[in-house]
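Asker: With the sequence shown counted from 1, adding 231 to any position gets you this note's numbering. Positions of the beta carbon are idealized from the N, C-alpha and C atoms, including for glycine. To start, I am sharing the structure in question, which I have written as structure tokens.
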Amino acid sequence: MSLSLTSLLHVTGLVKRFGGFHALDGLSFHAAAGEILGLVGPNGSGKTTSINVISGLYAPDGGNVTLDGVSIGGIASHKLVHLGVNRTFQIPKPFLSLTVRENIAVALAYGRAQVAPPTAEALMDEYRLTEVADRPASELNNAQQKMLDLVRALATRPRLLLLDELAAGLNPTELDWISARIKALAQTGMAIIVVEHLMGFIEQITDRVIVMNAGKEIFEGKLAVAVKVPQVIEVFLGGEHAA
Ligand SMILES: Nc1ncnc2c1ncn2[C@@H]1O[C@H](COP(=O)(O)OP(=O)(O)O)[C@@H](O)[C@H]1O
Ligand SMILES: [Mg+2]
Numbered sequence: 232m233s234l235s236l237t238s239l240l241h242v243t244g245l246v247k248r249f250g251g252f253h254a255l256d257g258l259s260f261h262a263a264a265g266e267i268l269g270l271v272g273p274n275g276s277g278k279t280t281s282i283n284v285i286s287g288l289y290a291p292d293g294g295n296v297t298l299d300g301v302s303i304g305g306i307a308s309h310k311l312v313h314l315g316v317n318r319t320f321q322i323p324k325p326f327l328s329l330t331v332r333e334n335i336a337v338a339l340a341y342g343r344a345q346v347a348p349p350t351a352e353a354l355m356d357e358y359r360l361t362e363v364a365d366r367p368a369s370e371l372n373n374a375q376q377k378m379l380d381l382v383r384a385l386a387t388r389p390r391l392l393l394l395d396e397l398a399a400g401l402n403p404t405e406l407d408w409i410s411a412r413i414k415a416l417a418q419t420g421m422a423i424i425v426v427e428h429l430m431g432f433i434e435q436i437t438d439r440v441i442v443m444n445a446g447k448e449i450f451e452g453k454l455a456v457a458v459k460v461p462q463v464i465e466v467f468l469g470g471e472h473a474a
């Protein structure tokens, strides 16, 4: 499958250093509109750092990131939100003292201007936050905080959505439900990158996966194929995610 030419996102030779340590060491991959791409790999392989660089939290130390052919590497995250790139956090970061509705209002006001905003009510209804609409975000449970983080990102109308362990800690019913939601979002043409350790979840929702190790991609393709590749097996069995 060659989605490369029509891809929305191209990451080429991306490097991110922390001191002398290369958290990203020449990472390359692409993602197309409407595609759900899984980013998997052992702890410390650079998944969150990839999201942090692509979403503008960190500037890259080398390589390129392009969105629709336009170089976006090093553009700050608040500007990237306006270009249609947003993400969720492995540990959600809502404004804790603001209510759920206020958190969403901030994101709605901040989003991509070219696209008509959804209403806070519709988003809260769709992501099961209506009953906590007027509670401060600090009072939400883990699943609700994750949904608020997702809604906050969606409120900005992204073309590229990066999800960092959104499913971690959700129960099986919640996992099935959120899988369906993510697939529906992709069907609207959004490119979605999903970082997750739960392989069943990855298998259920992704079109393709990138397997990372030590800041590089070591496999690109279907998960069903990845799990038969010796180098991939070695990376997973050698790490802490043998299950
Ligand atoms: N801000 C940072 N400062 C120093 N080292 C970092 C920082 N962020 C990530 N790292 C290091 O980079 C490596 C990759 O981390 P990360 O991208 O969080 O991995 P993953 O999400 O795949 O578990 C790890 O060794 C981590 O300790
Ligand atoms: Mg991570």
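What does the shell around ligand 1 hold, if a residue joins when its beta-carbon is under 6 Å from any heavy atom?
Answerer: Here the list is Phe249, Ala254, Gly272, Asn274, Gly275, Ser276, Gly277, Lys278, Thr279, Thr280.
Asker: Secondary structure at His428, three-state DSSP: helix, strand or coil?
Answerer: Taking the sequence shown and counting its residues from 1, the one referred to as residue 428 is at position 197. The answer is coil: DSSP assigns His428 none of H, G, I, E or B.
Asker: Glu427: buried (16+ other C-beta within 10 angstroms of its C-beta) or exposed?
Answerer: Locating residue 427 in the sequence shown gives position 196, counting from the first residue. Buried.
Asker: Quick one: is Ile464 buried, meaning 16 or more other Cβ sit within 10 Å of its Cβ, or exposed?
Answerer: Walking along the sequence shown from the start, residue 464 turns up at place 233. That one is exposed.
Asker: Would the beta-carbon of Gln321 be found less than 6 Å away from any heavy atom of ligand 2?
Answerer: Locating residue 321 in the sequence shown gives position 90, where the first residue counts as 1. For ligand 2, at least one heavy atom lies less than 6 Å from the Cβ of Gln321.
Asker: Which one of Gly315, Val242, Glu266 has the shortest CA to CA distance from Ile436?
Answerer: The sequence position of residue 436 within the sequence shown is 205, counting from 1. Of Gly315, Val242, Glu266, the residue nearest in Cα terms is Glu266.
Asker: Straight-line CA distance for Gly293 to Lys447?
Answerer: For this step, residue 293 is matched to residue 62 along the sequence shown. For this step, residue 447 is matched to residue 216 along the sequence shown. Each residue's Cα considered, the two are about 13 Å apart.
Asker: Ser281 lies in the alpha helix (DSSP H); which residues open and close that run?
Answerer: For the purposes of this step, residue 281 is identified with residue 50 of the sequence shown, where counting begins at 1. 278-285 is the extent of the alpha helix (DSSP H) around Ser281.
Asker: For Pro461 and Ala368, what's the separation of their Cα atoms in angstroms?
Answerer: Start at 1 with the first residue of the sequence shown, and residue 461 comes out as number 230. Start at 1 with the first residue of the sequence shown, and residue 368 comes out as number 137. The straight-line gap from Cα to Cα measures roughly 44 Å.
Asker: Closest by CA to Leu258, which one among Gly251, Leu416, Thr237, Ile282?
Answerer: Locating residue 258 in the sequence shown gives position 27, counting from the first residue. The candidate whose alpha carbon is nearest that of Leu258 is Ile282.
Asker: Quick check on Ser286: buried or exposed, where buried means 16 or more other Cβ atoms within 10 Å of its Cβ?
Answerer: Position 55 of the sequence shown, counting from 1, holds the residue named residue 286. Looking at its Cβ environment, which holds 16 or more other Cβ atoms inside 10 Å, Ser286 is buried.
Asker: Could you give the C-beta distance for Val331 and Arg359, rounded to a whole number, given that I count them as a contact under 8 Å?
Answerer: Mapped onto the sequence shown, residue 331 falls at position 100. Mapped onto the sequence shown, residue 359 falls at position 128. Not really, about 11 Å apart at Cβ, beyond 8 Å.
Asker: Write down the C-beta distance between Leu397 and Lys377 rounded to the nearest angstrom, noting that I regard them as a contact closer than 8 Å.
Answerer: In the sequence shown, the residue the question calls residue 397 occupies position 166. In the sequence shown, the residue the question calls residue 377 occupies position 146. Sure, about 6 Å apart at Cβ, within 8 Å.
Asker: Sorted by chain position, which residues of the same chain lie with C-beta nearer than 6 Å to His253's C-beta, five sequence neighbours on each side aside?
Answerer: As a first step, residue 253 must be located in the sequence shown, where it is residue number 22. Result list for His253: Gly446, in chain order.
Asker: Quick check for students: name the residue ranges of the alpha helix (DSSP H) that lie wholly in the region 284-322, counting only runs of 4 or more.
Answerer: Counting only runs of 4 or more, we get 308-314.
Asker: Please report the straight-line C-alpha distance between Ala474 and Thr297, rounded to a whole angstrom.
Answerer: Counted from its first residue, the sequence shown places residue 474 at position 243. Counted from its first residue, the sequence shown places residue 297 at position 66. Residue confidence is low: Ala474 scores 42 on pLDDT, short of 50, so the model does not pin down where it sits. No coordinate-derived value is stated.
Asker: Using 6 Å as the cut-off, classify the Cβ of Asp380 as near or not near the heavy atoms of ligand 3, replying yes or no.
Answerer: Ligands present in the displayed structure are limited to ligand 1 and ligand 2, and ligand 3 is not among them.
Asker: Is the beta carbon of Ile441 sitting closer than 7 Å to the one on Glu434?
Answerer: For the purposes of this step, residue 441 is taken as the residue at position 210 of the sequence shown. For the purposes of this step, residue 434 is taken as the residue at position 203 of the sequence shown. It is not a contact, given that the beta carbons lie outside the stated cut-off.
Asker: Tell me whether the beta-carbon of Thr319 lies closer than 7 Å to the beta-carbon of Leu381.
Answerer: Counting from one through the sequence shown, the residue named residue 319 turns up at place 88. Counting from one through the sequence shown, the residue named residue 381 turns up at place 150. Yes; because the gap between Cβ atoms is below 7 Å, this pair is in contact.
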